[in-house]
Amino acid sequence: MAWRAPALAVAALVAMLVGASAEAASNSPQGAQFFPHLVYRSGPYAPYGIPLADGVADYLTLVNRRDGGIGGVPIAWEECDTGYNTDRGVDCYERLKAKGPTGAAAVLPLSTGITYALIERGAADRIPVFSSGYGRADVSDGRVFPYAINAPASYWTGIDAAISHIATELGGTERLRGRKIAYVYHDSAFGKEPLPMLEALRGPLGFEMRSFPVAPPGLDQRAVWTQIARHYRPDYVILWGWGVQNSTALREAAAAGYPADRMIGVWWAGSELDVRPVGAAAVGYKAVAFHAAGADLPVIRAIRERVHGRGLGAGDPGQIGTVLYNRGVFNAAVLVEAIRTAQGKYGRRPLTGAQVAWGFDHLDLTAERLAELGLDGFMQPLRITCADHEGIAPLHVQQWDGERWLDVSGPIEPRRALIRKLVAESARRFAAERKIEPRACD
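At position 408 of the sequence shown (counting the first as 1) the number is 408 in full-length UniProt numbering, and the numbers step up by one without a gap.
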């Protein structure tokens, strides 16, 4: 049964959970839009989960304080700490999915393992599972996965961008032929997810590839890097790591004599937490990115002024503008705009998960709209459709200079036709296994 409360109780909930003013809550007599906030402020990945969670919370607080919510409807949320554990993540989802006057608007699992566990649950409950830049690549096919969204990029698009950037550094795609690439990955669903795309690229582009799995948490990598640097001797290394695995990889690569500027990571291996502990040995290291880093951006300046400047920040202000903090802001901004889009059809009131899913299906963040929201310079324009839940936005590569992340690539155009072909094939197999009838999309 969905949780419901009278207007005064909703106002109290909003004020308690999001710092929204009583005035904002009272202006929405139909209640608040509820969002279950799955976080990991504890456990082995807590240092990475905390800025992510804070970025989400601070952006939602900004929308409540600056705009009075989404279309006048305040946002309420409740944190549930998963510890980055799949079973706990499922439990959090089950306990929170029916809260609020209309149930959960959507859920952000912030974990590939939790995402895998929630995809079918979300579809059964008609609640969008928004796994931005992680999880299954084939949920890009919205015909088979109407309640799963992975915009703006899947791991297949990310690995494609890494290969494209390596080709650019070598002098062109044709120069990839005969080159050696080592793939060092977190030995989990997260690390294994890009393998089909790597195989699809390896043959046509002619590069050699060897995979090196690293058991989490990844503190013991000396043997891996000895093998890479002294025996395999690749032209480039792609690092698909998470948590302490990344800084350990950079440290062991340096000890083995492998240069940081020949290493490129996924966006989960491209934060300040990955490079600062390594010091000078990390200078030159690169990572794929789908949003900007840094605090000198309109949306981040607004958060600093209107949220932290008024004592409403979720956590350490020193994290503002870091990669993972900004990723939380990205997640919250896309969610808010999906809800706003859905309000255009269903009205300015708390919406159900099914209605928010319609908003994701019709989300169109143009350059002009991003500028209106203060998100210009922060992210690329993004358009999601019923059939395409990824959007496949151009990606960038950033490089660590010892102090900050710098964009060194400009927009990298994905191999859209290949990506969509592989996505459709994989989604079709999933649909056949689960006896799912894909929906028709105009």
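Using N, Cα and C, we set each Cβ at its ideal position, and we do this for glycine too.
Runs of beta strand (DSSP E) with 3 or more residues, each lying fully within the region 399-429, are found at 405-407, listed in chain order. Distances from the alpha-carbon of W77 to those of G83, K99 and D91 put K99 closest.
Straight-line spacing of the CA atoms in N150 and D160 works out to 16 Å.
Distance from the CA atom of L198 to the CA atom of L418, rounded to whole angstroms, is 12 Å. Residue D274 holds the alpha-carbon nearest to the alpha-carbon of G265 among A440, D274 and L201. For the set I127, A124, F212 and A153, the Cα lying nearest the Cα of R136 is the one of A153.
When the five nearest sequence neighbours on each side are left out, the beta carbons in the same chain lying within less than 8 Å of the beta carbon of L205 are those of I163, A167, T173, L176 and R177, in order along the chain. For the set P298, A256, L201 and P109, the Cα lying nearest the Cα of H231 is the one of A256.
Note on T366: under 16 other CB atoms within 10 angstroms of its CB, so exposed under the neighbour-count rule.
Counting only runs of 4 or more residues that sit fully inside the region 59-116, the alpha helix (DSSP H) segments are 86-96, in chain order.
Residues V299 and A333 of the same chain have their beta carbon placed closer than 7 Å to that of L375, with the five preceding and five following residues left out of the count.
Residue state for P277 is assigned as helix, using DSSP reduced to three classes. Shown here, G309 sits in a helix according to DSSP, grouped into three states. Between A106 and F130 a beta carbon distance of about 5 Å is seen, short of the 8 Å cut, so the two are scored as contacting. Going by C-alpha positions, P216 is about 9 Å away from W242. For H396, the beta-bridge partners assigned by DSSP are A289.
Across the set I127, D364 and Y134, the C-alpha of Y134 shows the shortest separation from the C-alpha of F190.
Beta-bridge pairing by DSSP links V139 to no other residue. Residue range Y155 to L170 is occupied by the alpha helix (DSSP H) that includes S164. Per DSSP, Y232 is not a residue of any beta strand (DSSP E), being assigned neither H nor E. Closest in alpha carbon position to T115, among R179, I320 and V139, is V139. Only residues of its own chain outside the window of five on either side were considered, and among them A151, P152, L382, R383 and I384 have a CB closer than 7 Å to the CB of G391, listed in chain order. The three-state secondary structure of K192, taken from DSSP, is helix. In this structure the region 81-98 does not touch the region 327-346; the number of beta carbon pairs closer than 8 Å is below three. The C-beta distance from I412 to V397 rounds to 7 Å, short enough to fall under 8 Å. Contact between the region 315-328 and the region 49-56 is present, with at least three C-beta pairs closer than 8 Å. As the crow flies, the alpha-carbon of G83 is around 24 Å from that of G321. Counting C-beta atoms within 10 angstroms of its own C-beta, P194 has 16 or more neighbours from the protein chains shown and is therefore classed as buried. P259 counts as exposed, since fewer than 16 other beta carbons sit within 10 angstroms of its beta carbon. By the Cβ neighbour-count rule, D81 is buried, with 16 or more other Cβ atoms within 10 Å of its own.
CA-CA distance, R348 to I238, rounds to 45 Å.
Under the DSSP assignment, E368 falls in the alpha helix (DSSP H) whose first and last residues are A367 to L373. With 16 or more other Cβ atoms inside 10 Å of its own Cβ, A182 counts as buried. Setting aside the 5 residues that flank it on each side, E272 is surrounded in the same chain by T322 and V323, each with a C-beta closer than 7 Å to its C-beta; the list follows chain order. Look at P298 here: in three-state DSSP terms it is helix. Assigned with DSSP and collapsed to three states, W240 falls in strand.
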